[in-house]
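According to this note's numbering, the sequence shown holds residues 368 to 948 in order.
Glycine included, each C-beta is placed from N, C-alpha and C at the ideal position.
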Amino acid sequence: MRLSRSFGKTLRDAPADAETASHQYLTRAGFVQQVAAGIYSYMPLGWRSLKKISNIIREEMDRAGAQEISMPVVQPRELWEQSGRADTFQPPLASLTDRRDRNMVLAPTHEETTTYMAAANLESYRDLPFNLYQIQTKFRDEARPRAGLLRVREFEMKDAYSFDKDEEGLDVSFQAMADAYHRIFSRAGIDVRMVEADSGPIGGKDSNEFVLLAESGEDTIYVCSDENCSYAANAEKAEFRKPAAEPEDVADLEEVHTPGIKTIEGLAEFLDVPISKTVKAVFYAPETSTGGEIIFVSIRGDLEVNETKLRNVLGGVEPRLATPDEVAAAGLVAGSASAIGLDADDGPRSRVKITSIVDDSVPNSPNLVAGANKTDYHLKSGNYGRDFEGDIVTDIAMAQAGDACPNDCDGHLVEHRGVEVGHIFKLGTGYSESMGATFLDEEGREQHALMGCYGIGVGRLLAATIEANHDKNGMVLPRAIAPYEVYLAGLNTNNEEVVAAASKFYDELQDAGIEVLFDDRDEPPGVKFNDADLIGLPLRVVVSVRGLKNGEIELKRRDADEASMAPLADGVAAVKAALDG
Ligand SMILES: [Zn+2]
C-alpha cells in the first residue's frame, strides 16, 4: 500500500481522554476512530491487524476441532428469560422493541443462542462431543467505557462453546481449548500467562484466565517464584500458605485504654505490637439488604479481606460494606469492635442477624489484640475458641506479593500487572438444564450436556499487545499481527533516482510476498521517521540519496536501537533476514 493513497492520517496529538498507551497510539496512528463512548470504527490499518488476529484464532480453533458458526447480535428476549439471565445480566441487557412490539436484546454473549442451537440438534450421546465457535460482534452497555479498546461497549469476540456427555469429556474439551489458546497467543507474538481465576456467580468447576503481562494493566496476578512450580492465579482467586504464629502461652484477657485509636495500624503502634498480633473486624451486609443483617468478618490485622472469596463463602451472595447506620443499629462500635461478646445478653446478636466469618489466620494466632466493643478500649490476649468463635472459619484473605506459594514448594508469590485477553470456563449443565439441551445416553436415559465456554476479545488483544509493546515514540507491533511487515520510506522525493529505486524495491518486496506500507509521500524525513515509529511496523527500510551512492538501503527493526546497511541488489533477502530477526 502506498501511504500517499492510504486512507487515514496520523495525528500529532492523542485525544484528551486517552490515558492508556494503546488508546493514544491506536488513535494517533489512524487504526481506529471513536464514534461514541466505547464504540469504535476500525480504519484500514486497524482492521488489517484485527483480521490477522482473527485468522490466527480461526486456524487454531479449526485445528482444535471446533466448528465455526455465526449467531445473531439481535435476539429475542425470550431466550434470555429461558436461561434466567434476562434481568440479572450485568451490565443490564441493551434492549429494543421491533415493529411487531417484540422485545429484542443486543447480545453481550452467546450461551443462550448456542444452547438453543444445540438443543435442537442434539439427540444421542453419539452426537457428542462438539465445539461451536464464532468471531463476531457483541454489545455490553458498560456504565463507564474507557481506555480505548480495553473497556468498550461494542467489541469483536471469539466465543466457543463445547458440549460433552460427561465430566471426563468436558475435561478433555477444556484442555484442548487451553492448548489452542497457548498456541494462539504464542503465534500472535505476545507473552501471556494462564492463571487460575474465580468461577464467578455462575459457579462451574474450573476457570482460567489468560493475562498479557503489562505494567499498565488493570489486573493483578500472582505467579510462584519457583521455576519448577506452575502456580499462577489472579488476585481474586490467589491462595497462599499462612505461616503459623510462634507458639506461646495463652494469657488472660485484659482490657486496655486506647484513647482516640480508630485504626488497626494506630492500635499496633500504640500498644507496640506487630500488626499481625491484632485481629480486625470488617462489617459487611448482603448487597440487597436494607438493614438488620451484618456479615461480621474477623481477620488478622496484617491481612485484607478478599471480597470474591467472601462472596463464595456466602454461597454467591454479593457482599457490600455495611453502612454506619447498620453498624450502629447492631450496637457495634466501629474502631473498637471484635467478635468477643457477640452473643452477650443485649449483645449485637440480640439486635440483628449476624453471620460471623473468621479467616483461618485467626485460630492459628494466639493472644491477639481485639476490640473491646466500647469506645476507646481494646482487649489484649484475645484467643479464638476461648473468647470467640465463628460460624464459618475459612480462607477469605487477599494474597500479597511475598506470601508463601500454596503449592508444596519453597517459592513465594510474585506480583505482576496485566490485561486479561482470554477466559476459559467449565460451565457444567446450568444452561443445558434451563434451555433443554439433552441427549440419550448409552442406556437410553435422558441426560443434560456438559458445557464449557471459551472467549478471546479480539480488539482487546490488539490493545493489550500495544500496552505491553510500545515506547515513547509509538507502537512496537509483533510481526504476526502488524498491519504490514515493512515500512518502506523513500526519502528525498525530489530526487528521481530515489523515487525510481524506492518504487522498484516496493514492487520487488511485494513480488516476494512481503507486506509493505510504502511511504511515498512528499514529506520531510523527520515526518516519515516519526510516523514509522508511531505505526510500529516490525521493520523500517529507507531508500535515500546517501545510501544509493553506495548502492545501499538502510534497515532498522522497530525493536532495535541500531540501523544497518545492506546492498540494494540483495535487498529482498536482507529484508527477509531482518524480519526473521
Ligand atoms: Zn509454588
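Selection around ligand 1 by beta-carbon proximity, strictly under 6 Å to any non-hydrogen atom, yields C591, D593, C596, Y598, C772, N774, C776, G778 in chain order. The Cβ atoms of R444 and A453 lie closer than 8 Å to each other.
Looking only at L417, W414, D468, L473, the smallest Cα-Cα distance to V441 is reached by L473. Between the segment 815-828 and the segment 405-422 there are three or more C-beta pairs closer than 8 Å, enough to call the two in contact.
Contact check between the segment 622-639 and the segment 595-609: fewer than three CB pairs, one atom from each, fall below 8 Å, which does not count as touching.
For G413, the enclosing alpha helix (DSSP H) stretches over residues 411-430.
Within the same chain, Cβ atoms closer than 6 Å to the Cβ of K895 are found at A856, D886, the five residues on either side in sequence being excluded. Annotated as distal: R718 and L709, with beta-carbon spacing of 8 Å or more. Comparing alpha carbon positions, the residue from L735, Q434, I557 closest to Q501 is Q434.
Contiguous beta strand (DSSP E) elements confined to the segment 835-869 occur at 853-857, taking only those with 3 or more residues. Within the same chain, Cβ atoms closer than 7 Å to the Cβ of T387 are found at A514, G515, L517, S583, E834, the five residues on either side in sequence being excluded. Collapsing the DSSP output to three states places F577 in a strand. The Cβ neighbour count for I662, taken over all protein chains shown within 10 Å, is at least 16; the residue is labelled buried. Taken through DSSP and simplified to helix, strand or coil, M471 comes out as strand. Per the Cβ contact rule, the segment 536-548 is not in contact with the segment 448-464 (fewer than 3 Cβ pairs under 8 Å). Per DSSP, reduced to three states, the secondary structure at T690 is coil, with no helix or strand assignment. Per DSSP, H783 is one residue of the beta strand (DSSP E) stretching across 780-795.
Under the criterion of beta carbons closer than 8 Å, L735 and G752 do not qualify as touching, at roughly 12 Å. Straight-line spacing of the CA atoms in N917 and R379 works out to 34 Å. Ranked by Cα distance from V788, the first of C776, D889, V562 is V562.
For T481, the enclosing alpha helix (DSSP H) covers residues 478-488. By the neighbour-count criterion, in which 16 or more other beta carbons inside 10 Å mark a residue as buried, G627 falls on the exposed side. Collapsing the DSSP output to three states places I823 in a strand. Residue pairing for M561: DSSP places it in a beta bridge opposite F577. Under DSSP, the beta-bridge partners assigned to H815 are T805. The DSSP assignment places complete beta strand (DSSP E) segments of no fewer than 3 residues inside the segment 675-747 at 686-688, 720-726, 735-738, in order along the chain. Fully contained in the segment 592-642 are the following beta strand (DSSP E) runs of length 3 or more, in chain order: 599-601, 621-624.
In the DSSP assignment, V912 forms no beta bridge with any residue.
The Cβ-Cβ distance between D533 and L817 falls below 8 Å. L393 is a Cβ neighbour of A830, given a cutoff of 8 Å. In the DSSP assignment, G749 forms a beta bridge with L735. Rounded to whole angstroms, the separation of the alpha carbons of I707 and P691 is 20 Å. In the DSSP assignment, the residues bridged to R924 are L906. Taken atom to atom, the span from the alpha-carbon of R511 to that of A695 is near 33 Å.
Across the set R507, Y651, R888, the C-alpha of Y651 shows the shortest separation from the C-alpha of V684. Taking A849 as the centre and dropping the five residues before and after it, the same chain places the C-beta of L904, P905 closer than 6 Å to its C-beta, in chain order.
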